[in-house]
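Only one structure is covered here, and it is reproduced in the block below.
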């Protein structure tokens, strides 16, 4: 059965223009079968956290997306998944109102619970008040930057990193910034959000390791370093169009006690803040060598 939601024909028509990895299939028991990407994002057979975030957004939209849009997602990644097994998403609607709704989405592989996300959905209402930070100073435009040869962004999306490999804030926090674009049109707000969500989690751990290169390297991850995203939260402040590029700023704000806390902001080409996010990750020495195909 193709894409199903309360939007009926309109939603099924829109599904034809969705990237395949966002095309969930609803089963007879009400759960959703979530496809895996054609290429492994990390190259080690372990389901990528960004994929789970993106597909949870699509599942919540399928449940409540008639008049509501995803406002935030808070996800915890409890266990690793594998690309050798099917991925199932189960939803539970807590509330479905005119202004707000909330959905819990749980990712399973067989009896193994991988992750659970809590999503808040909201209607679009006219401004009574409005303010927000502006992007200042303006970054180098993406047209003058090369597309990154390797990234953990959404399949088919283009990232262009600002060439400042040693960028730090005045307080010493390591920083990273890149332009993100999906050259093909996306048919819905949920699809735009899903592509952005997929593209957020992959860089913060490596960014946190950068000031400690004399001691550890990102190449040691999943071998002699035990690393992984444990929780990720995204807020969507406004709509955006990835065909026109968005600017993503990331900071590995705190590292210590075997953990990393990072955060980020996303601006559109006009300099408007459209999304914010934060992440809790694990970075610790492995007591013994890790099989990168199975463990963190």
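Residue numbers (the working numbering): 1 to 296. Even for Gly, the Cβ is constructed at its ideal location relative to N, Cα and C.
DSSP bridge partner residues for residue i (one or two, in chain order)
i: residue 327; result: Since the displayed the chain opens at 1 and closes at 296, residue 327 lies outside it and no answer follows.
i: residue 53; result: Paired residue(s): none; residue 53 is not in a bridge.
i: residue 282; result: 228, 259
i: residue 277; result: 234, 264
i: residue 33; result: 25, 88
i: residue 109; result: 112
i: residue 94; result: According to DSSP, which records beta bridges pairwise, residue 94 is partnered with nothing at all.
Anticipated Cβ contact below 8 Å, residue i with residue j, distance rounded
i: residue 100; j: residue 122; result: 6 Å
i: residue 52; j: residue 75; result: 7 Å
i: residue 274; j: residue 242; result: That belief does not hold up - the Cβ atoms of residue 274 and residue 242 are roughly 10 Å apart, past 8 Å.
i: residue 167; j: residue 271; result: Incorrect: roughly 19 Å between the Cβ atoms, too far for contact.
i: residue 283; j: residue 258; result: 7 Å
i: residue 332; j: residue 269; result: The question about residue 332 has no answer, for the chain in this structure spans 1 to 296.
i: residue 143; j: residue 176; result: So it is not a contact: roughly 20 Å between Cβ atoms.
i: residue 230; j: residue 280; result: 5 Å
i: residue 205; j: residue 260; result: 6 Å
i: residue 46; j: residue 35; result: Their Cβ separation, rounded to whole angstroms, is 16 Å, which puts residue 46 and residue 35 out of contact at 8 Å.
i: residue 95; j: residue 102; result: 5 Å
Proximity winner among the options, relative to residue i (alpha-carbon distances)
i: residue 70; options: 263, 41, 54, 164; result: 54
i: residue 104; options: 62, 128, 132, 143; result: 62
i: residue 239; options: 287, 276, 35; result: 276
i: residue 159; options: 137, 246, 39; result: 246
i: residue 83; options: 144, 249, 220, 44; result: 44
i: residue 266; options: 98, 157, 234, 249; result: 249
i: residue 41; options: 231, 198, 262; result: 198
i: residue 80; options: 73, 113, 91; result: 113
i: residue 31; options: 187, 93, 146; result: 93
i: residue 251; options: 116, 200, 34, 223; result: 200
i: residue 180; options: 20, 286, 212, 156; result: 156
i: residue 154; options: 186, 28, 224, 278; result: 186
i: residue 98; options: 256, 171, 124; result: 124
i: residue 17; options: 110, 188, 171, 172; result: 188
Per-residue DSSP class, three states only, for residue i
i: residue 38; result: coil
i: residue 117; result: strand
i: residue 20; result: helix
i: residue 103; result: strand
i: residue 12; result: Because residue 12 sits at a pLDDT of 49, beneath the cut-off of 50, its placement in the model cannot be relied upon, and the following sentence gives the value as read from the coordinates. DSSP places residue 12 in helix when its eight states are reduced to three.
i: residue 170; result: coil
i: residue 76; result: strand
i: residue 235; result: strand
i: residue 288; result: coil
i: residue 82; result: strand
i: residue 134; result: strand
i: residue 212; result: helix
i: residue 175; result: strand
i: residue 64; result: helix
i: residue 158; result: strand
i: residue 47; result: coil
i: residue 59; result: helix
Beta-carbon spacing of residue i, residue j below 9 Å
i: residue 67; j: residue 89; result: no
i: residue 208; j: residue 174; result: yes
i: residue 73; j: residue 58; result: no
i: residue 193; j: residue 48; result: no
i: residue 87; j: residue 33; result: yes
i: residue 60; j: residue 91; result: yes
i: residue 285; j: residue 226; result: yes
i: residue 126; j: residue 224; result: no
i: residue 190; j: residue 50; result: no
i: residue 278; j: residue 232; result: yes
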